[in-house]
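Student:
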Amino acid sequence: MDIDEDLGNPDAIMIPGTKNTINDLLDLRASGMDRKIQAFKGKIPIFGICGGYQMLGRTIFDSGVENGVEAEFEGLGLLDIGTKFGEYKKRTIQVTKKVNGYGPILESIDGEEIKGYEIHMGVTDSNRTVFGDDGAIGEEGLVIGTYLHGLFDNENIRNALVRYLCEKKGLEYKPEEVVSENDAYEELANTFEQNIDMEKLYEIAEI
Numbered sequence: 002m003d004i005d006e007d008l009g010n011p012d013a014i015m016i017p018g019t020k021n022t023i024n025d026l027l028d029l030r031a032s033g034m035d036r037k038i039q040a041f042k043g044k045i046p047i048f049g050i051c052g053g054y055q056m057l058g059r060t061i062f063d064s065g066v067e068n069g070v071e072a073e074f075e076g077l078g079l080l081d082i083g084t085k086f087g088e089y090k091k092r093t094i095q096v097t098k099k100v101n102g103y104g105p106i107l108e109s110i111d112g113e114e115i116k117g118y119e120i121h122m123g124v125t126d127s128n129r130t131v132f133g134d135d136g137a138i139g140e141e142g143l144v145i146g147t148y149l150h151g152l153f154d155n156e157n158i159r160n161a162l163v164r165y166l167c168e169k170k171g172l173e174y175k176p177e178e179v180v181s182e183n184d185a186y187e188e189l190a191n192t193f194e195q196n197i198d199m200e201k202l203y204e205i206a207e208i
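Here's what the structure looks like:
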C-alpha cells in the first residue's frame with residue numbers, strides 16, 4: 002500500500018526490506034505512517050524484515066555509509082534494538098535457524114527450524130532474539146523483526162501466524178487450507194491441464 006493511505010483496521014502489519022532504510026524511515030515519518038503503525042503496538046502482529054526490522058528499533062546510526070553524512074536517526078521504537086551502519090559491507094548468506102518460541106504467535110513452534118537468506122548492511126543489537134541469534138521480539142510477543150528474507154516461505158511460520166489470527170477472530174483454524182507456493186503452482190497447473198486441450202496446444206506450439 003502507499004504510505005499516504007489510511008491503514009484502516011489491519012489484522013497484521015508487515016514492513017518489508019528496503020535498499021535505503023533511512024530515507025524510507027524519513028518518508029514514513031513525513032507521511033505520518035510511523036504514528037499509524039505505532040498505534041497498533043500490542044494490538045496486532047507487526048513484522049519487520051531486514052530494513053523494516055531496522056526501522057522498528059530505537060535508533061539507526063549511520064556513520065556516513067548510506068547517506069554520506071554521520072548521523073543518528075530515531076526509529077519507530079517498537080523494538081528495544083539499535084542498528085549501526087559502519088563500513089559498506091553487505092552480507093548475503095543462506096541460513097537455518099531455530100525458533101525461539103516467545104509470545105503468543107511463535108510459542109507453538111518453539112525449537113522448530115526455519116530457513117531463509119540474509120541480504121543486509123548494518124549490525125543490530127538485540128537482547129531478545131527470535132530466530133537463533135537473529136532478530137528481536139517485543140515484550141508482548143507481537144512485534145517481530147528479523148534479517149531473514151523468505152520468512153513466510155516456511156510453512157511452520159505461516160501456520161503459526163494464521164493460527165494466531167484465526168484464534169483472535171474466533172475462527173476455526175484449518176492448517177490444510179494454508180498451501181505452499183509450490184502447491185499453489187501445482188494446483189494451477191492441474192487446473193490448466195484439466196480445462197485445456199493439451200494435444201491441440203502442443204500441435205500449435207509444434208512440440
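For what it's worth, the working numbering labels the leading residue of the sequence shown as 2, then goes sequentially.
Ideal Cβ placement from N, Cα and C applies to all residues, glycine included.
Can you tell me whether PRO176 is buried or exposed? The criterion is at least 16 other CB atoms within 10 Å of its CB, across all chains shown.
Tutor: One-based indexing of the sequence shown puts residue 176 at position 175. Classification for PRO176: exposed.
Student: For LYS98, name the three-state secondary structure that DSSP assigns.
Tutor: Residue 98 sits at position 97 when you count from the first residue of the sequence shown. Here LYS98 sits in strand by DSSP.
Student: Could you please give the first and the last residue of the uninterrupted alpha helix (DSSP H) stretch that includes LYS170?
Tutor: Here residue 170 corresponds to residue number 169 of the sequence shown, with the count starting at 1. Counting along the chain, the alpha helix (DSSP H) containing LYS170 begins and ends at 156-170.
Student: Touch check for the stretch 45-55 and the stretch 11-20: three-plus C-beta pairs under 8 Å?
Tutor: Touching, yes.
Student: Is SER109 helix, strand or coil by DSSP?
Tutor: The residue given as residue 109 occupies position 108 in the sequence shown. Correct three-state label for SER109: helix.
Student: Alpha carbon to alpha carbon, how far is GLY33 from LEU77? Give it in angstroms, no decimals.
Tutor: As a position in the sequence shown, residue 77 is number 76, starting the count at 1. As a position in the sequence shown, residue 33 is number 32, starting the count at 1. So the two alpha carbons sit approximately 11 Å from each other.
Student: What did DSSP end up calling ILE38 once you bin it into helix, strand or coil?
Tutor: The count along the sequence shown starts at 1 and reaches residue 38 at position 37. If DSSP states are grouped into helix, strand and coil, ILE38 belongs with the helices.
Student: Would you be able to state if there are at least three C-beta pairs under 8 Å between the stretch 109-117 and the stretch 56-73?
Tutor: The stretch 56-73 is not in contact with the stretch 109-117.
Student: Residues in its own chain within less than 7 Å of ASP135 by CB, not counting five upstream and five downstream?
Tutor: Here residue 135 corresponds to residue number 134 of the sequence shown, with the count starting at 1. Cβ neighbours of ASP135 beyond the five flanking positions: LYS98, THR147, TYR148 and LEU149.
Student: What's the call for ASN24, buried or exposed, on a 16-neighbour Cβ count within 10 Å?
Tutor: On the sequence shown, residue 24 is found 23 positions in, with the first residue counted as 1. Per the 10 Å Cβ criterion, exposed.
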